[in-house]
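Shown next, in structure tokens, is the structure this report addresses.
In my numbering, the protein residues as written are 217 to 596.
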């Protein structure tokens with residue numbers, strides 16, 4: 217059993233030290249951590265499988281000797297040793313399951329730490345997206361100098377008896393404002409040539425804003441929805457961290473832990489808990505084992521929630537790209553379109569890239585990965 221104890225001590229120290237080390241290979245990639253978890257669980261299972269096989273071979277030899285010997289005293293010694301071997305094999309099963317839980321728990325903390333950084337990055341991303349007022353400037357012809365200039369010209373040349381002024385409320389309405397401007401233009405003192413010239417100056421602006429206003433508002437409101445959803449994701453991962461670190465008696469919030477760079481305290485708490493788990497036995501050990509199983513299951517649920525949100529966000533931004541590329545007169549009106557329109561298209565492309573690369577989901581769809589996450593080992 218000394219080999220087992222030395223293996224467990226070495227494994228605990230190695231995993232805890234790796235948990236909080238600055239390792240560029242996994243610091244921003246939860247899938248790398250999942251892969252490392254697979255390797256470590258596989259190595260652990262193989263190590264215990266070898267020890268278990270040695271006990272099975274020895275048990276088979278003892279059983280054979282029992283059937284061959286007629287010496288009563290020797291039979292008694294063999295039966296006692298056989299029971300001892302069975303107890304040791306049961307202990308190996310328990311220690312194997314405990315070691316798998318240890319690996320999963322530590323890797324789970326790594327994943328939480330990485331995903332929290334991604335959620336905060338998403339929060340910053342949504343905070344920097346265009347506001348409603350910025351979207352409104354693109355979609356409202358009243359925000360374009362060329363259109364307001366035409367309004368002023370029409371206002372000065374209009375027939376005071378036939379024309380009329382809009383109220384402030386109706387004047388802010390895009391469609392009503394455009395209709396009113398052209399109605400006044402028809403009865404104004406402008407010549408036919410002047411009307412055609414002014415219309416030519418604003419035709420692209422009118423066409424673009426009237427066609428795209430609804431779509432641009434859709435982009436704004438659906439982005440606001442994604443931002444609200446990300447706020448919920450942020451709240452949930454902070455609650456998850458609280459539940460996850462409760463067994464090791466760590467009560468600092470995830471936000472405070474990150475802000476104060478308090479990961480060293482967690483490292484000590486994890487090492488203490490794993491030491492107690494290794495020293496305990498019976499019901500006490502089983503209870504400690506269960507205590508770290510529950511938060512791992514909660515992590516699995518959160519990963520699915522995070523993956524769903526990233527998948528949703530990616531689809532939203534792909535839809536936004538289609539919407540922005542749907543303006544059929546873009547080539548014809550290229551020089552008249554606002555710079556903000558192209559900037560918005562660039563922002564959407566950057567967002568799609570982020571959702572596919574920087575914020576990419578954690579790959580847990582394979583049956584093997586789910587088995588590992590749920591701790592199924594060689595002896596179950």
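We put the beta carbon where it would ideally sit given N, CA and C, even for glycine. If you're wondering where the values come from, they're calculated on a predicted model, not measured in any experiment.
Look at the stretch 456-494 and you find these whole runs of alpha helix (DSSP H), each 4 residues long or longer: 470-475.
Ranking 494, 366 and 317 by CA distance to the CA of residue 419 puts 366 first.
Spanning the alpha carbons of residue 472 and residue 478 requires a straight line of approximately 8 Å. In the DSSP assignment, residue 578 falls outside any alpha helix (DSSP H), carrying neither H nor E.
Judged by pairs of C-beta atoms under 8 Å, the stretch 493-508 does not touch the stretch 539-557, as fewer than three such pairs exist. In this structure, the alpha-carbon of residue 371 lies about 8 Å from that of residue 400. DSSP, read as helix, strand or coil, puts residue 552 in coil. With respect to residue 317, residue 508 sits close: the two C-beta atoms are nearer than 8 Å.
Secondary structure note for residue 505: its alpha helix (DSSP H) is the uninterrupted segment 498-540. Counting C-beta atoms within 10 angstroms of its own C-beta, residue 341 has 16 or more neighbours from the protein chains shown and is therefore classed as buried. In the same chain as residue 310, and ignoring 5 residues on each side of it, the C-beta atoms closer than 8 Å to its own belong to 501, in chain order. In chain order, 242, 323, 326, 327 and 330 place their CB closer than 8 Å to the CB of residue 249, counting only its own chain and leaving out the 5 sequence neighbours on each side. Contact between residue 453 and residue 470 holds, with the beta-carbon distance rounding to 7 Å and staying under 8 Å. Look at the beta carbons and you see the stretch 259-268 not touching the stretch 345-356: under three pairs across the two are nearer than 8 Å. With contact defined as three or more Cβ pairs closer than 8 Å, the stretch 548-558 and the stretch 514-521 are not in contact. Per DSSP, the continuous alpha helix (DSSP H) segment holding residue 251 begins and ends at 246-284. Across the structure, residue 574 and residue 526 are spaced so that their CA atoms are roughly 10 Å apart.
By the beta-carbon neighbour count (other beta carbons within 10 angstroms, threshold 16), residue 570 is buried.
In the three-state scheme derived from DSSP, where H, G and I count as helix and E and B as strand, residue 360 is classed as coil. In the structure shown, residue 407 falls within a coil segment according to DSSP collapsed to helix, strand and coil. Its Cα nearest to that of residue 313, the residue 260 stands out among 260, 247, 485 and 422. Bounds of the alpha helix (DSSP H) holding residue 326 are 288-343.
Rounded to the nearest whole angstrom, the C-alpha separation of residue 308 and residue 264 is 7 Å. Scanning its chain for C-beta atoms nearer than 6 Å, with the 5 sequence neighbours on each side dropped, one finds no residue around residue 415. Under the 10 Å beta carbon count, residue 394 is surrounded by 16 or more other beta carbons and is classified as buried. In this structure residue 357 is not in contact with residue 435, their Cβ atoms being roughly 18 Å apart against a cut-off of 8 Å. A residue is called buried once 16 or more other Cβ atoms fall within 10 Å of its Cβ, and residue 499, having fewer, is exposed. DSSP places residue 544 in the coil class of the three-state scheme, outside both helix and strand. The alpha carbon of residue 410 has as its nearest neighbour, out of 369, 463 and 296, the alpha carbon of 369. With 16 or more other Cβ atoms inside 10 Å of its own Cβ, residue 457 counts as buried. Taking the CA atoms as reference points, residue 281 sits about 19 Å from residue 304. Relative to the Cα of residue 442, the nearest Cα in the group 274, 462, 504 and 345 belongs to 345. Shortest Cα-Cα distance from residue 465 to any of 446, 490 and 578 involves 490. For the pair residue 578 and residue 522, the CB atoms are nearer than the 8 Å cut-off.
Scanning 315, 278 and 273 for the CA closest to the CA of residue 293 turns up 278.
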